[in-house]
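Per my numbering, the very first residue in the sequence shown carries number 59; after that it's consecutive. Backbone N, C-alpha and C define an ideal beta-carbon position, used for all residues, glycine too.
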Amino acid sequence: MSALPSSVRIREVGPRDGFQNEPDVIETADKVRLIGELGRTGLRRIEVTSFVRPDVIPQLADAAAVLEAVELPDTVSVSVLIPNQRGLERALEHRARFQEINGFLSASESHNQRNVGRSIEESLTGLERTFARARAEGLRCEGVISVSFGCPYDGRVAPERVFSIARRLADAGAEEIGFGDTTGMANPVQVRAFFAAAREALPRVELTAHFHNTRGQGLANVLAALEVGIDSFESSFGELGGCPVPAGATGNIATEDLVSMLHEMGIETGIDLIALVQASRSVQQVLGRTLGSHVLRAGPVQWASPAAG
Ligand code: ZN
Numbered sequence: 059m060s061a062l063p064s065s066v067r068i069r070e071v072g073p074r075d076g077f078q079n080e081p082d083v084i085e086t087a088d089k090v091r092l093i094g095e096l097g098r099t100g101l102r103r104i105e106v107t108s109f110v111r112p113d114v115i116p117q118l119a120d121a122a123a124v125l126e127a128v129e130l131p132d133t134v135s136v137s138v139l140i141p142n143q144r145g146l147e148r149a150l151e152h153r154a155r156f157q158e159i160n161g162f163l164s165a166s167e168s169h170n171q172r173n174v175g176r177s178i179e180e181s182l183t184g185l186e187r188t189f190a191r192a193r194a195e196g197l198r199c200e201g202v203i204s205v206s207f208g209c210p211y212d213g214r215v216a217p218e219r220v221f222s223i224a225r226r227l228a229d230a231g232a233e234e235i236g237f238g239d240t241t242g243m244a245n246p247v248q249v250r251a252f253f254a255a256a257r258e259a260l261p262r263v264e265l266t267a268h269f270h271n272t273r274g275q276g277l278a279n280v281l282a283a284l285e286v287g288i289d290s291f292e293s294s295f296g297e298l299g300g301c302p303v304p305a306g307a308t309g310n311i312a313t314e315d316l317v318s319m320l321h322e323m324g325i326e327t328g329i330d331l332i333a334l335v336q337a338s339r340s341v342q343q344v345l346g347r348t349l350g351s352h353v354l355r356a357g358p359v360q361w362a363s364p365a366a367g
């Protein structure tokens with residue numbers, strides 16, 4: 059086994075991936091306050107919202123208002139999720155407020171059809187245009203491939219197929235490719251093989267792992283990815299997020315669980331875990347229910363009581 063990375067980059071996606079799946083609309087002021095708290099934890103990358111059609115995802119209908127109001131340190135690279143060219147044009151009205159875009163599609167035809175009503179080829183063609191326009195505006199582009207490790211409709215997707223989609227995104231100008239385990243189907247053996255092959259297949263792009271904890275394997279998958287040199291991850295404070303399919307599924311891996319594990323393993327993140335736990339407590343308070351994050355419930359390791367049996 060090769061040495062683990064000494065530091066990793068983490069993009070907090072809770073304000074988009076997490077909030078998007080909340081059934082009750084969160085007040086814009088609460089979102090702005092929570093994102094501000096996240097910005098004071100040392101996080102360097104935050105996905106703050108998405109310019110999807112407001113009638114499709116009413117929760118994110120305030121994308122422009124959130125983007126304009128958030129107060130974040132200059133050290134934070136702000137990204138927004140862009141579903142299509144129209145969404146990009148809406149986002150560009152606030153160009154000064156963000157540095158990165160995230161354009162997405164699915165690794166399987168069925169998931170892409172159900173998610174965005176297009177074939178993979180149609181999505182790729184659209185993303186090529188979107189990325190070209192974004193790059194002309196000086197924006198950094200991330201391409202995210204959902205269901206990279208398995209699709210609830212089509213089952214396992216051949217890694218070579220995922221890499222060929224990734225290559226098209228890289229050719230279109232994506233500097234970073236995120237591989238999403240959208241429905242929590244990945245296992246650590248699969249993840250290790252996948253990312254070892256991905257590093258060979260895509261040597262010049264930043265490879266990012268986006269795991270969900272749907273079946274409790276999220277952090278095991280992180281370790282597997284670390285073991286083959288992956289040092290970029292996406293996660294969600296409080297373990298917010300999830301996916302409508304399968305119903306009732308839990309969300310992304312919790313950022314505080316990820317940070318806690320990495321710090322205990324001697325891997326740097328630049329994030330203040332205590333401040334992060336505080337931000338997760340705040341979101342838990344706003345949502346009024348207990349969230350899935352383990353560190354949120356148990357507290358960081360340094361708070362552990364010696365008397366606990
Ligand atoms: Zn996710």
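Return yes when the C-beta of residue i is under 7 Å from any heavy atom of ligand 1, and no when it is not.
{"i": "H321", "result": "no"}
{"i": "G231", "result": "no"}
{"i": "V280", "result": "no"}
{"i": "N14", "result": "The first residue shown for the chain is 59 and the last is 367, placing residue 14 beyond what the model contains."}
{"i": "H152", "result": "no"}
{"i": "M113", "result": "A small correction: the amino acid at residue 113 is Asp; Met does not occupy that position in the sequence shown. Result no, Cβ not under 7 Å from ligand 1."}
{"i": "H268", "result": "yes"}
{"i": "V71", "result": "yes"}
{"i": "D132", "result": "no"}
{"i": "G213", "result": "no"}
{"i": "G238", "result": "yes"}
{"i": "D315", "result": "no"}
{"i": "D2", "result": "This structure does not reach residue 2, given that the chain is present from 59 up to 367, and the question cannot be answered."}
{"i": "D82", "result": "no"}
{"i": "D88", "result": "no"}
{"i": "D289", "result": "no"}
{"i": "D75", "result": "yes"}
Quick check: residue i and residue j, are their CB atoms within less than 8 Å of each other?
{"i": "L118", "j": "A337", "result": "no"}
{"i": "G76", "j": "S294", "result": "yes"}
{"i": "S135", "j": "F162", "result": "no"}
{"i": "L221", "j": "Q248", "result": "The residue asked about is misnamed: residue 221 is Phe in this sequence, not Leu. No, the pair does not count as a contact, with Cβ atoms beyond the cut-off."}
{"i": "V344", "j": "L298", "result": "no"}
{"i": "Q143", "j": "R187", "result": "yes"}
{"i": "V71", "j": "E105", "result": "yes"}
{"i": "I329", "j": "I68", "result": "yes"}
{"i": "E285", "j": "E264", "result": "no"}
{"i": "F109", "j": "R148", "result": "yes"}
Using a Cβ-based criterion (distance less than 7 Å to any ligand heavy atom), does residue i qualify as near ligand 2?
{"i": "G299", "result": "No copy of ligand 2 appears in this structure; the ligands present are ligand 1."}
Next on the checklist: So within the region 96-131, which uninterrupted beta strand (DSSP E) runs reach at least 3 residues, ignoring any that extend past its ends?
Outcome noted: 103-108
Checklist entry - Is the number of C-beta pairs between the region 152-159 and the region 184-198 that are closer than 8 Å three or more? => result yes
Checklist entry - Which runs of the alpha helix (DSSP H) spanning at least 4 residues fall entirely within the region 267-308, listed in chain order? => result 276-285
Item to check | Stretch pair the region 222-239 + the region 247-260: three plus CB contacts closer than 8 Å | outcome: As far as the Cβ criterion goes, the region 222-239 touches the region 247-260, which means the pair count is three or higher.
Item to check | Touching by the beta-carbon criterion (3+ pairs, under 8 Å), the region 345-364 and the region 95-112 | outcome: no
Checklist entry - For the region 201-261, which segments carrying the alpha helix (DSSP H) assignment without a break, of at least 4 residues, lie completely within its bounds, in sequence order? => result 217-229, 246-259
Item to check | Validate contact between the region 162-177 and the region 122-132 using beta carbons, cut 8 Å, 3 pairs | outcome: no
Checklist entry - Should the region 82-89 be called in touch with the region 309-328, which here means at least 3 C-beta pairs below 8 Å? => result no
Next on the checklist: As an exercise, report each continuous alpha helix (DSSP H) stretch of at least 4 residues that is fully enclosed by the region 332-363, in chain order.
Outcome noted: Within the region 332-363, the runs of alpha helix (DSSP H) at least 4 residues long that lie entirely inside it are, in chain order, 352-356.
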